[in-house]
């Protein structure tokens, strides 16, 4: 059994090293493999020069470099896929935000969907991938902790902003938690890393920091916009309430006009009494709904806790049996009021019906559909505004009836 | 000679099985064993062997140790604990695969007259 001499091995080592391979262990393996192959040929009777030349020709000039590349590609396959996915997620986020801004400027409502989608991909896709990839590469414990804080902030801030876009009650708390991780964890550790670490971590730190500013800006903008919208609903609800109170007072004053006609006065009092009864029922129902969301609510308060809740209407009003009762009483009131007007005055009848049958009249035979139409997936404050508008409708119908009665044209009145 | 394309998905199984049978082997030894057992019909190329060995090591299925022999450094591979479990599972899968393939290929209609 022939074996190679040290000088022959040196020649092989020299040739392998001339390829400048970067994986040292692979270089050793190639040397050993070539040595074994050459030894095999020596045992077949070939000379060292011929055997080595034959192996060199088989491998060519670039085979070893190619093999190393192949090994690296195989070893880094998962990382490359992860990087590709991170980049894809990043592109989706940027495109969503860009499209959301363009749509918002154009005045369309769908910007929220785009923004919310972007926030979700950012919080659940890009941020975890980005920080996991960086976390994996860190060897120093402090750097690993830095990336955990970064991950938590990057997850919570956009998810909070997403919840904010849906007007969810706890959105601000989620954003606040993200900011706490950012201010108390990520920024101080980044600062230490920037001042002590090499240039690479400075660069990475700056990029991450800039990304966070973008996250925060979007988070706050989304929450601020939803607050503006909620405030406008508070205004609408309050105005409707004030209008019905004013109209109620006007109607009470109207009755005094019938003092000289006892029959008409009796009718007017009957209308007023029934209207007041229905209004107070709706008011009690409305206040009960608000109190369930905010037990500390007192009459006259403009704001109440949970007014931005999207699910309150679905849980308490659409599923609630008391809502059926209120809507049925609205219908009975309408029938009662119009039955008192003769068919000759059909226009008046239709006018009163038109006031009392709100836009849900298309589904008037299906109570569930009516409820769903009135109290759809909107914040609770809009449900309160709808209930206030029902009160206003009763007051307006009352006013029309009294006005008609005052003209003395009714047969039945 | 069996084509490299057919071999592609089986190299990890072959390596794990050989290491499971022989304890520890180095690269050249592995190629010789495969050639010997397949009676020369399977030839493991460097391009198929070394990237697979390094990947198996990175995945924690095999471990390596370097031994200096004169001026050469020889890298021996052996199965890790996880690799031992994986070798059994992979071998079961592979046997099932071969039986399935055999069944499929036997179902081919015979066109001979």
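Residue numbers (this note's numbering), protein chains in the order written: chain A, 1175 to 1587; chain B, 78 to 190. Just so it is clear, CB atoms sit at the ideal spot from N, CA and C, and this is done for glycine as well.
Provide the residue span of the alpha helix (DSSP H) that contains residue 1282(A), from first to last.
Here residue 1282(A) refers to the residue found at position 108 of the first chain. Annotation for residue 1282(A): no alpha helix (DSSP H) segment contains it, and DSSP assigns it neither H nor E.
Do residue 1250(A) and residue 1307(A) have their C-beta atoms within less than 9 Å of each other?
As a working mapping, residue 1250(A) is identified with position 76 in the first chain. As a working mapping, residue 1307(A) is identified with position 133 in the first chain. Not in contact: residue 1250(A) and residue 1307(A) (Cβ atoms no closer than 9 Å).
For residue 1470(A), does the count of other Cβ atoms within 10 angstroms reach 16, so buried, or fall short, so exposed?
The residue given as residue 1470(A) occupies position 296 in the first chain. Under this definition residue 1470(A) is an exposed residue.
Closest by C-alpha distance to residue 1476(A), when choosing among 1485(A), 1186(A), 1487(A), 1461(A)
Position 302 of the first chain, counted from the first residue, corresponds to residue 1476(A). The option with the nearest alpha carbon to residue 1476(A) is 1461(A).
Say whether chain A places a C-beta atom closer than 9 Å to the C-beta of residue 140(B).
The residue you call residue 140(B) lines up with position 63 of the second chain. Output row for residue 140(B): interface = no.
The alpha helix (DSSP H) enclosing residue 1573(A), as first and last residue numbers:
As a working mapping, residue 1573(A) is identified with position 399 in the first chain. Start and end: 1554 to 1580.
Within this structure, are the beta carbons of residue 94(B) and residue 1245(A) separated by less than 9 Å?
Here the question's residue 94(B) lines up with position 17 in the second chain. Here the question's residue 1245(A) lines up with position 71 in the first chain. No, Cβ-Cβ distance for residue 94(B) and residue 1245(A) is not below 9 Å.
Three-state secondary structure assigned by DSSP to residue 1261(A)
Taking the first chain and counting its residues from 1, one reaches residue 1261(A) at position 87. Here residue 1261(A) sits in helix by DSSP.
So, residue 127(B) versus residue 104(B), is the Cβ gap smaller than 9 Å?
As a first step, residue 127(B) is located in the second chain; it is residue number 50 there, counting from the start. As a first step, residue 104(B) is located in the second chain; it is residue number 27 there, counting from the start. Yes, Cβ-Cβ distance for residue 127(B) and residue 104(B) is below 9 Å.
With DSSP collapsed to three states, give me the class of residue 1522(A).
One-based indexing of the first chain puts residue 1522(A) at position 348. Helix.
Taking only three categories from DSSP, how would you classify residue 145(B)?
Along the second chain, one-based indexing puts residue 145(B) at 68. Here residue 145(B) sits in strand by DSSP.
Would you identify the three-state DSSP class for residue 138(B), choosing helix, strand or coil?
The residue labelled residue 138(B) in the question sits at position 61 within the second chain. Coil, per DSSP.
Helix, strand or coil for residue 1344(A) per DSSP?
Locating residue 1344(A) in the first chain gives position 170, where the first residue counts as 1. Here residue 1344(A) sits in coil by DSSP.
Taking only three categories from DSSP, how would you classify residue 1195(A)?
The residue you call residue 1195(A) lines up with position 21 of the first chain. Here residue 1195(A) sits in coil by DSSP.
Residue 1184(A) to residue 148(B) span [Cα, whole Å]
The sequence position of residue 1184(A) within the first chain is 10, counting from 1. The sequence position of residue 148(B) within the second chain is 71, counting from 1. Cα to Cα, the separation comes out at about 8 Å.
Please list the segments of the alpha helix (DSSP H) lying wholly inside the stretch 1387 to 1473 of chain A, counting only runs of 4 or more residues, in order along the chain.
1436 to 1467
Contacts around residue 1549(A), its chain only, beta-carbon distance under 6 Å, and the 5 residues preceding and following it disregarded:
By one-based count along the first chain, residue 1549(A) stands at place 375. Excluding positions up to five away in sequence, the list reads 1487, 1491, 1492, 1557.
List the residues of chain A whose Cβ lies closer than 8 Å to the Cβ of residue 111(B), in chain order.
Here residue 111(B) corresponds to residue number 34 of the second chain, with the count starting at 1. The contacting residues do not exist; residue 111(B) stays about 14 Å from chain A at best.
Counting beta carbon pairs with one atom in the stretch 1202 to 1214 of chain A and one in the stretch 1256 to 1275 of chain A, are three or more of them shorter than 8 Å?
Result no; under three Cβ-Cβ pairs closer than 8 Å.
Which residues in the same chain as residue 134(B) place their Cβ atom closer than 8 Å to its Cβ, once the five residues preceding and following it in sequence are excluded?
Position 57 of the second chain, counted from the start, is the residue given in the question as residue 134(B). Counting only Cβ-Cβ distances below 8 Å, and skipping sequence neighbours, we find 140, 141, 154.
When you compare the stretch 1266 to 1286 of chain A with the stretch 1229 to 1236 of chain A, are there three or more beta-carbon pairs, one atom per stretch, that lie closer than 8 Å?
no
Once DSSP output is grouped into helix, strand and coil, what is the label at residue 155(B)?
By one-based count along the second chain, residue 155(B) stands at place 78. Looking at residue 155(B) - three-state DSSP - the assignment turns out to be strand.
Could you give the DSSP three-state label for residue 1178(A): helix, strand or coil?
Residue 1178(A) sits at position 4 when you count from the first residue of the first chain. Coil at residue 1178(A), not helix or strand.
Strictly below 9 Å CB to CB, what residues from chain A border residue 154(B)?
Here residue 154(B) refers to the residue found at position 77 when the second chain is read from its first residue. Simply none; closest approach about 10 Å.
Taking just the CA atoms, how far does residue 1326(A) sit from residue 1267(A)?
Position 93 of the first chain, counted from the start, is the residue given in the question as residue 1267(A). Position 152 of the first chain, counted from the start, is the residue given in the question as residue 1326(A). Those two C-alpha atoms are separated by around 18 Å.
In its own chain, which residues sit with a C-beta less than 6 Å from the C-beta of residue 1300(A), not counting the 5 before and 5 after it?
Here residue 1300(A) refers to the residue found at position 126 when the first chain is read from its first residue. Once the five neighbours on either side are set aside, the close Cβ partners of residue 1300(A) are 1263, 1264, 1267.
Assign residue 150(B) to one of three DSSP states: helix, strand, or coil.
Residue 150(B) sits at position 73 when you count from the first residue of the second chain. In the structure shown, residue 150(B) sits in a strand (DSSP, three-state: E or B).
So for residue 1476(A), helix, strand or coil by DSSP?
For the purposes of this step, residue 1476(A) is taken as the residue at position 302 of the first chain. If DSSP states are grouped into helix, strand and coil, residue 1476(A) belongs with coil.
Chain-ordered chain B contacts of residue 1339(A) [CB-CB under 7 Å]:
Taking the first chain and counting its residues from 1, one reaches residue 1339(A) at position 165. Those do not exist, as residue 1339(A) stays about 42 Å from chain B at its closest Cβ, beyond 7 Å.
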